[in-house]
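Here the structure comes first, spelled out in structure tokens, and everything after it is commentary.
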């Protein structure tokens, strides 16, 4: 320190601050940083810079350091202590953020790291702004013992308190093991990067020791596993850049909090029928058992055909995601006939139920597109709890108070018809295409039950069955009986779909629902 930088002078104090800031902002050696870059990974600060608007990040607690003296820790007290926290803007909207720094003690969570995360979470709640967590941590800091574990509990508690109040997004950018995995599991969205992100309660070594089972990290808890098998991850990113871009896209559809409205963009398309809409008139195959792609319908009704899919690789027989109609956010839930014929199974039911509740919590209207032949049959589904777990979707629709619009494009059979946003569950506007088949079951099964004796006595069973199927389809397998009873508000031509949805959303913009007083419901978890 030069004479002019004497710590006793104002200039010296300013110089000392700059020195400390520089030290806090450079936690890893150039060699360690280079190794991360070689693996396709950014540093904690680089990730923040990639996500937020340039120059908008304001750091909190940059000079906080751990207080541990065990195992020689007192000789290595790094500024920031393993996590960078603060607030910034994304596309001009304020968010809170924390980014775990793997270059400092492997990003492990100690007492001070936990305090910093808890503090920024409290700040997000008080400010009514979303919080984004960039996770890259080796887990609890062993050197600090139970003090580190206690902070996990405080973080989980705040995740629960913030649920449905502010959007919470977790991005897994490295390891996340043991208790650390539960915070992302409670948040609204979890995003993982292919081949570099991992989540598991117990790692491969522990599993082998306890059970004798051999499994690799990627197979056990890699991004592909959690996107296709467990459903713990909502998006499989190909890179960290891709993951952070997806966060930005999610935030663009979400409000800052449950009392706010989602961002509204200028309406680029009106409610009038566009020439391209008429392609929907020929979308449904004449053969009711032939599949088609429901994404064609989704893109036709959304502004600019832009659909941000969520959980794309998990339970693909149901599609969920966000779009805009006249510049306003909507949630889309749709059966996908090209996957398992659009049936509802356990995973699809839970996927859709979670998305319904998310949209309802943040005031986002829901558009449901229905082509469902029923629940997926089989002992595996029954024994794994399709009754209890399928009931979650009933519960989610039944408690939702946001505008609910349902369009039946083709099949709507049995209990699955009721579950998928039916009038009886509280949908505000229910529409059907002329191709809709709203009935207890399909023609083949119904005829076999209703006319068992006639078929047994028939000389030409196939001819008689064809005759009876034709009679059943003409009499019951259409949208007009439901329309006659008011279960469907209108039967519309497919090309009119966007027009009707747009007008309904405008009419329902100020929807209010009076609910009975209660602490909370008891969803069949």
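Residue numbers (this note's numbering): 14 to 538. Positions of the beta carbon are idealized from the N, C-alpha and C atoms, including for glycine. All of these numbers come straight from a predicted model, not from anything done at the bench.
| query | result |
| --- | --- |
| Beta carbon of residue 333 nearer than 9 Å to that of residue 422 | no |
| Local conformation of residue 422 per DSSP, three classes | strand |
| Residue 70 beta carbon less than 9 Å from that of residue 45 | no |
| N-terminal and C-terminal residue of the beta strand (DSSP E) that residue 183 is part of | 181-185 |
| Cβ pair residue 109, residue 145 closer than 9 Å | yes |
| Spatially closest choice to residue 317 from 279, 349 and 68, by CA coordinates | 279 |
| Nearest-angstrom Cα separation, counted from residue 125 out to residue 16 | With a pLDDT of only 49 at residue 16, under the threshold of 50, the placement of this residue in the model should not be trusted; the figure read from the coordinates follows. C-alpha separation (whole angstroms): 35 Å. |
| With 16 other Cβ atoms within 10 Å as the buried cut-off, status of residue 446 | buried |
| Residue 322 in three-state terms, based on DSSP | strand |
| Test: residue 295 CB closer than 9 Å to a CB of chain C | Among the chains of the structure shown, chain C does not appear; only one protein chain is present. |
| Own chain, CB closer than 6 Å to residue 2, minus 5 neighbours either side, in chain order | Lying outside 14 to 538, the shown extent of the chain, residue 2 is not represented and no answer is given. |
| 8 Å contact criterion, which residue 320 and residue 336 should meet: CB distance rounded | 5 Å |
| Contact belief for residue 348 with residue 382 at Cβ below 8 Å, rounded distance in angstroms | 7 Å |
| Closest by C-alpha distance to residue 154, when choosing among 342, 94, 448 and 175 | 94 |
| Exposure label - residue 33; buried when at least 16 CB within 10 Å | exposed |
| Identified DSSP bridge partners for residue 72 | 99 |
| Inter-stretch contact (C-beta, 8 Å, three-pair minimum) for the stretch 239-251 and the stretch 218-226 | no |
| Separation of residue 482 from residue 267, as counted between CA atoms | 47 Å |
| Exposure of residue 253, with buried meaning 16 or more beta-carbon neighbours within 10 Å | buried |
| Residue 404, enclosing alpha helix (DSSP H) - first and last residue | 399-412 |
| Simplified DSSP assignment, three categories, for residue 285 | coil |
| Limits of the alpha helix (DSSP H) - the one that residue 341 falls within | Per DSSP, residue 341 belongs to no alpha helix (DSSP H); it is in the beta strand (DSSP E), 341-348. |
| Assigned exposure category for residue 21 - 16 Cβ within 10 Å defines buried | exposed |
| Bridge-paired residues (DSSP) for residue 304 | Residue 304 pairs with nothing; no bridge assigned. |
| In chain order, each beta strand (DSSP E) run of at least 3 residues that lies wholly inside the stretch 235-278 | 248-250 |
| Inside the stretch 22-67 only - alpha helix (DSSP H) runs reaching at least 4 residues | 23-38, 43-51 and 57-64 |
| Nearest to residue 432 (by Cα), restricted to the options 214, 403 and 474 | 403 |
| Cβ pair residue 187, residue 149 closer than 9 Å | yes |
| Own chain partners of residue 1 with C-beta closer than 6 Å, once the 5 adjacent residues on each side are dropped | Residue 1 lies beyond the range of the chain shown here (14 to 538); nothing can be said about it. |
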